[in-house]
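If you count by mature numbering (1 follows the signal peptide of the UniProt record, and there is no 0), then the sequence shown holds residues -24 to -1, 1 to 164, one letter each, in order. Where a beta carbon is used, it is the ideal one built from N, C-alpha and C, also for glycine. For reference, the structure is listed below as structure tokens.
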Amino acid sequence: MTSATRIGALGMMVVCLAACQNSAQVVDGYKILQSVVESKGVTKLSCGAKLGCDFERIDDVAVIDEETKRPTATAIEQGLVRIEGSVFSPTHEYALSITEGDHEIAVRFYPVSVERAERFHLIHNFQANHRYQLQMYRQRDEVGQSLLSVAAPGKLCVDLQQDEIAIRRFCRSYDVLTGLGEFVEQGI
């Protein structure tokens, strides 16, 4: 077998693999679109960060698998997963359809790299017929900045928005020694 034939075969394998991954996304999208959710008492929750986000779980139900980045069968069957964007787009995001009431939501945000997730947990009493969004961003303090303080990353914050109005804010300061910190609710 010549090197040109090997390269051609490798190229065909890559194309087939990409087609399989896209077809899996389309099949997932079709299942999501077919899942039935009653509209009374249901609200929508989406999320956003620089490089995306995944809903890890709602209450005790796993939503998006961390390895495959695909919705779990249980989440689809329960009608929890919704698609933001086109089913055929590889960059579409997932949203949640949840009933009103108290829910614990676990989210993986990707603010810098898709290899490093920032995990965020929220307990909130969601109200029906509203649109909610969790939005992650860096907050910079503008007063009294020395060269050293400008070099350190700003606070990492998550806003919970209801109908595009921030109703809760959680921020985590950067700890120079450990690089870690806890999200603490801030006043808005």
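- Scanning its chain for C-beta atoms nearer than 8 Å, with the 5 sequence neighbours on each side dropped, one finds around Gln162 the residues Cys133, Arg145, Phe146 and Cys147, in chain order.
- Straight across, the Cα-Cα distance linking Thr75 with Val39 is about 15 Å.
- Going by C-alpha positions, Thr48 is about 6 Å away from Asp41.
- Residue pairing by DSSP places Asn101 opposite Asp78 in a beta bridge.
- With fewer than 16 other Cβ atoms from the protein chains shown falling within 10 Å of its own Cβ, Ala142 counts as exposed.
- Inter-residue distance for Phe96 and Phe159 is about 8 Å (C-alpha atoms, whole angstroms).
- Tyr70 places its beta carbon less than 8 Å from that of Glu60.
- Inclusion of Lys20 and Arg46 in the CB contact set at 8 Å is not warranted, their separation being larger than that value.
- Put simply, the backbone Cα of Glu140 is about 15 Å away from that of Ala25.
- Residue pairing by DSSP places Val83 opposite Phe31 and Phe96 in a beta bridge.
- Asp135 is bridged by DSSP to Gln111 and Arg145.
- The three-state secondary structure of Thr50, taken from DSSP, is helix.
- Among the bridge pairs identified by DSSP, Leu21 is matched with Leu72 and Tyr108.
- In the DSSP assignment, Val160 falls within the unbroken beta strand (DSSP E) covering Val160 to Gln162.
- If you draw a straight line from the Cα of Val37 to the Cα of Phe85, it is about 18 Å long.
- Here the alpha carbon of Glu53 sits roughly 26 Å from the alpha carbon of Leu136.
- Under the DSSP assignment, Val57 falls in the beta strand (DSSP E) whose first and last residues are Val57 to Glu60.
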